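To convert, take the position in the sequence shown, counting from 1, and add 1; that gives our numbering.
Just so you know, even glycine gets a beta-carbon here, dropped at the ideal spot from N, CA and C.
Note that the coordinates shown come from a computational prediction; the quantities given were computed from them, not determined experimentally.
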Amino acid sequence: MKKLFCYLMVLIAPSLYAQDKLPVAYLPENLTLHFISPEPIQYVDISSNDLIGDLPLKNVLRLKRRDSLRVFPGAVVTVAGEKFIAQYRLLPGSPDVPTEVNIVPADMKPLDIAGIRLSRNQLKELSLGLMARAPDKRMEHVRVFGITGQLNHVYTLDDYLFLDISYHNKTNLKYDIQDFRFKIDDRKVTKAANNQSVEIKPEYTLLEQPGFSKNYRNIFVFRKMSFPGNKVLHAELSEKQLSGRVITLSVSYQDILDADTLTY
């Protein structure tokens, strides 16, 4: 096993509840126990040096006893996601006990971590809901190389912006995506002026699609942004091959101001 993630902190700390009221998980000798979280795990605390663990996946905590351990007296494990914290009492178990523990809502306490308003699961749920809607507004478009790029809709929720963008390929040549970049550029660039470009990255992207033959649609989520009227947000889609097609879709600040409000 790898060393415990970014120094997974091993502390002997008081639990949130009395230990005898915590949900129980069993850790058999010579077996590995996996805690499966519905959200990416942000923090883990283990109350005993008798255990080792790591995060093989963002939402999976893996634990086992140390090889030198003869007697396991038990421990308390604390797992924090983006929006919850949960604690479990670990006890010795027989080899036939389950080796997976799903962290369920009944075991969670709400957690407010500064700077995190919506979890990735919530962003995914909202984005999937937007994908299910018909792209009715069609706010901006660009046509180049036989491909039409379209800003279908802009939505806002709290401190988030959701951009619904699609492309339609009228040619018979498949488009293999090299990169999708978002930049705030000067609206008008003259030879005597320096174009100051600022790249911004989405907080969340619904689909990781490598290419498309005819149609492409995706939801990109950003933290709320503002920029002056002499600037414009460019969504730049570039192709893999050497003479690849680059399609730049412009989004004005007025498009951002005209965003429709989501409810959650």
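Residues in its own chain within less than 6 Å of Val247 by CB, not counting five upstream and five downstream?
Taking the first residue of the sequence shown as 1, we reach residue 247 at position 246. If we look at Val247 and ignore the five residues flanking it on each side, its Cβ neighbours are Ser239.
For the alpha helix (DSSP H) that contains Met109, what are its first and last residues?
In the sequence shown, counting from the first residue as 1, residue 109 sits at position 108. Careful: Met109 lies outside any alpha helix (DSSP H), inside the beta strand (DSSP E) at Met109 to Pro111.
Once the 5 residues before and after Leu131 are set aside, which same chain residues still bring their CB inside 7 Å of it?
Within the sequence shown, residue 131 is the residue found at index 130, counting from 1. Excluding residues within five positions, the ones whose Cβ falls inside 7 Å are Tyr156, Phe163, Asp165 and Ile220.
With 16 other Cβ atoms within 10 Å as the buried cut-off, status of Lys192
Taking the first residue of the sequence shown as position 1, residue 192 is located at position 191. Confidence at Lys192 is low in this model, with a pLDDT of 46, below 50, so its placement is unreliable and the value that follows should be read with caution. By the neighbour-count rule (16 or more Cβ atoms within 10 Å), Lys192 is not buried but exposed.
Exposed or buried, what is Lys59 when buried is set at 16 or more other beta-carbons lying within 10 Å of its beta-carbon?
What you label residue 59 is simply residue 58 of the sequence shown in a count that begins at 1. Label assigned to Lys59: exposed.
Only counting the same chain, and skipping five residues up and downstream in sequence, which positions put a Cβ closer than 8 Å to that of Arg121?
In the sequence shown, residue 121 corresponds to position 120, counting from 1. Within the same chain, Arg121 has close Cβ partners Glu40, Pro41, Glu83 and Tyr205.
Does the beta-carbon distance from Leu62 to Val78 come in below 9 Å?
In the sequence shown, residue 62 corresponds to position 61, counting from 1. In the sequence shown, residue 78 corresponds to position 77, counting from 1. Yes. Within cutoff.
Less than 8 Å between the CB atoms is what I'm expecting for Ile53 and Arg71, so what's the real figure, rounded?
Counted from its first residue, the sequence shown places residue 53 at position 52. Counted from its first residue, the sequence shown places residue 71 at position 70. Contact between Ile53 and Arg71 fails: their C-beta atoms lie close to 16 Å from each other, not under 8 Å.
Given this structure, state the Cα-to-Cα distance separating Ser38 from Tyr44, to the nearest angstrom.
Residue numbering aside, residue 38 sits at position 37 when the sequence shown is read from its first letter. Residue numbering aside, residue 44 sits at position 43 when the sequence shown is read from its first letter. Their Cα atoms are separated by approximately 12 Å.
Does the beta-carbon distance from Ile185 to Phe223 come in below 9 Å?
Residue 185 sits at position 184 when you count from the first residue of the sequence shown. Residue 223 sits at position 222 when you count from the first residue of the sequence shown. For Ile185 and Phe223, no; Cβs fall outside 9 Å.
Which whole-angstrom value describes the C-beta separation of Leu34 and Leu127, a residue pair presumed to lie in contact below a C-beta threshold of 8 Å?
For the purposes of this step, residue 34 is identified with residue 33 of the sequence shown, where counting begins at 1. For the purposes of this step, residue 127 is identified with residue 126 of the sequence shown, where counting begins at 1. So it is not a contact: roughly 33 Å between Cβ atoms.
Does the beta-carbon distance from Glu237 to Leu258 come in below 9 Å?
As a working mapping, residue 237 is identified with position 236 in the sequence shown. As a working mapping, residue 258 is identified with position 257 in the sequence shown. No, these two residues do not count as a Cβ contact at 9 Å.
Would you mind reading off the limits of the beta strand (DSSP E) that contains Tyr265?
Sequence index remark: in the sequence shown, residue 265 carries index 264 (1-based). Neither: Tyr265 is in no beta strand (DSSP E) and is coded neither H nor E.
Between Leu52 and the ligand GTP, is the CB less than 8 Å from at least one heavy atom?
The ligand GTP is absent from the structure shown, which contains no ligand whatsoever.
For Gly54, which beta-bridge partners are listed by DSSP?
Within the sequence shown, the letter at position 53 stands for residue 54. DSSP output for Gly54 lists Leu64 as bridge partner(s).
Integer Cβ distance of Gln151 from Ser167, believed to fall under 8 Å:
In the sequence shown, counting from the first residue as 1, residue 151 sits at position 150. In the sequence shown, counting from the first residue as 1, residue 167 sits at position 166. Going by Cβ atoms, the distance from Gln151 to Ser167 rounds to 5 Å, so yes, they are a contact pair.
Under a Cβ-count criterion, where at least 16 other Cβ atoms within 10 Å of its own Cβ denotes burial, should Tyr265 be classed as buried or exposed?
The residue labelled residue 265 in the question sits at position 264 within the sequence shown. Label assigned to Tyr265: exposed.
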